[in-house]
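Numbering (the working numbering), first residue to last: 18 to 484.
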């Protein structure tokens, strides 16, 4: 027996034995621009990612989301795959510009109807929909008016949240306002890596993040007005942060990074204030923070979504002044997007959040592993042993955190299927399902079969009653 076959047998055995405290939901996650395609179908408007991905040199393989996984037309097939994977829940985002082509005004009914068909299909399959209102694809019309640099965008988002929650209240019970504001605000407005491609440094990241958080706070009551018993949360990409050494300047840099990536968002949402150290450090770069903004942002939530891919080891450096940090990558294993594989990170971040912020419930809303482009083997599958091992190891550490009190209610693998991975294009797949982007043929990978075994062995009727 080959070493790969040995590894596959060992991992499947671990998957069969792994147990998670119940009730618990196992799901997978996607985002609209990354999978849907159909950028002009049925009256959809242009988004910032429609615009950005066509700019020369910004996507590593020059790919775009114009077709992606063609999920807009192939969603029934994708739901069948979810059933094969034993998923109890599916986390996906709505395309704002598919519903409001210009980011304001009445709904494009054809766009809403697509999501109604999708959600009804999930219901028929016994899969709970977890809907994210914003996963980075701002309508270009709003970007042309200032985007996340403008307070008006916050109010347009609240209008959109109210419109959608009213239309889907009878179908959706779990809502997320924003996905990863740290990333779309800082990578999109400070470094220019992501749409809209602005390179305004910390000033840009701070302005965008305040208005995004304001949008979140305004959206929560807009959803509650229509959703009744709906559960509402926000998804944050969090790291546990470690100084690269015990030197004073490295320890200070690690604290600055933690304040920027973690506490700027967690403190605002759960404590109604920004970290004092960040306000002082960045006092000359801050946007206008009006009286009452903090109270709006801290609207009570039902859960926190945590996206976790790595830990952060930080040293003093020159990146993002005045934050002045530098990431240190120690020897070890890394994914294709250069994220260190450190399963302890999921346990650490869950306990960090639980002990310091005490959300009522937590979902691991994304966790996954990128590889270089994969090929189908002679037996017709993908032997992605490292991805399978990644999920088994991380789920094991997540379960340890749960046994120590972290109120984790579900885990969403990133991602259901290979897709357009933002600035990496199609070069770094994360999927449990392989997609041939020429033929659109889907194949469940070895990691998908391993994940399905874990999901089935940890599911029972109590999950449905709980959810």
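Built from N, CA and C at the ideal position, the CB exists for glycine as well. Quantities reported herein were computed from a predicted structural model and do not represent experimental measurements.
Around the C-beta of residue i, are 16 or more other C-beta atoms found within 10 angstroms, so that it is buried, or is it exposed?
i: residue 53; result: buried
i: residue 448; result: buried
i: residue 227; result: buried
i: residue 297; result: exposed
i: residue 146; result: buried
i: residue 370; result: buried
i: residue 123; result: exposed
i: residue 324; result: buried
i: residue 181; result: buried
i: residue 71; result: exposed
i: residue 404; result: buried
i: residue 198; result: buried
i: residue 264; result: exposed
i: residue 260; result: buried
i: residue 56; result: buried
i: residue 213; result: buried
i: residue 305; result: exposed
i: residue 137; result: exposed
i: residue 246; result: exposed
i: residue 372; result: exposed
Helix or strand or just coil, what does DSSP make of residue i?
i: residue 279; result: helix
i: residue 343; result: strand
i: residue 474; result: helix
i: residue 399; result: coil
i: residue 382; result: strand
i: residue 257; result: coil
i: residue 237; result: helix
i: residue 84; result: coil
i: residue 42; result: strand
i: residue 351; result: strand
i: residue 406; result: helix
i: residue 53; result: coil
i: residue 72; result: coil
i: residue 357; result: strand
What residues in its chain sit with their C-beta under 7 Å from that of residue i, if we drop five residues either side in the sequence?
i: residue 276; result: 292, 294 and 295
i: residue 217; result: 206 and 207
i: residue 368; result: 418, 421 and 423
i: residue 81; result: 70 and 71
i: residue 481; result: With a pLDDT of only 44 at residue 481, under 50, the local geometry of the prediction cannot be trusted, and the value read off the model is given with reservation. Taken in chain order, the list of residues that qualify is empty.
i: residue 402; result: 21, 24, 25, 28 and 463
i: residue 440; result: 75, 76, 77, 210 and 211
i: residue 383; result: 46, 324, 429 and 431
i: residue 483; result: Residue placement at residue 483 is flagged as unreliable, the pLDDT there being 34, under the threshold of 50; a coordinate-derived value is accordingly withheld.
i: residue 337; result: 207, 218 and 219
Where does the unbroken beta strand (DSSP E) through residue i begin, and where does it stop?
i: residue 61; result: Here residue 61 belongs to no beta strand (DSSP E), and DSSP marks it neither H nor E.
i: residue 250; result: 248 to 254
i: residue 191; result: 191 to 196
i: residue 461; result: 459 to 461
Output the boundary residues of the alpha helix (DSSP H) element that contains residue i.
i: residue 426; result: Premise fails: residue 426 lies in the beta strand (DSSP E), 425 to 431, not in any alpha helix (DSSP H).
i: residue 102; result: First-last for residue 102: undefined, no H or E at that position.
i: residue 452; result: Premise fails: residue 452 lies in the beta strand (DSSP E), 450 to 452, not in any alpha helix (DSSP H).
i: residue 456; result: Unbroken run through residue 456: none, as it is neither H nor E.
i: residue 337; result: Looking at the DSSP string, residue 337 is not in any alpha helix (DSSP H), and its letter there is neither H nor E.
i: residue 26; result: 20 to 34
Under 8 Å Cβ to Cβ from residue i, same chain only, skipping five residues before and after it: list those, please.
i: residue 341; result: 270, 273, 333, 334 and 335
i: residue 289; result: 311, 312, 314 and 315
i: residue 94; result: 459
i: residue 467; result: 28, 29, 32, 405, 408 and 409
If we define contact as Cβ-Cβ less than 8 Å, is residue i a contact residue for chain C?
i: residue 141; result: Considering every chain present, this structure includes no chain C. It has just one protein chain.
Only counting the same chain, and skipping five residues up and downstream in sequence, which positions put a Cβ closer than 6 Å to that of residue i?
i: residue 253; result: 282
i: residue 374; result: 283 and 287
i: residue 185; result: none
i: residue 37; result: 416 and 475
i: residue 68; result: 157
- Query: Quick one: complete beta strand (DSSP E) runs, 3+ long, within the region 286 to 334?
  - Reply: 320 to 324
- Message: My parser needs the beta strand (DSSP E) runs of 3 or more residues fully inside the region 97 to 158; what are they?
- Response: 106 to 110 and 145 to 151
- Item | beta strand (DSSP E) segments (min. 3 residues) lying fully within the region 169 to 223 | 191 to 196
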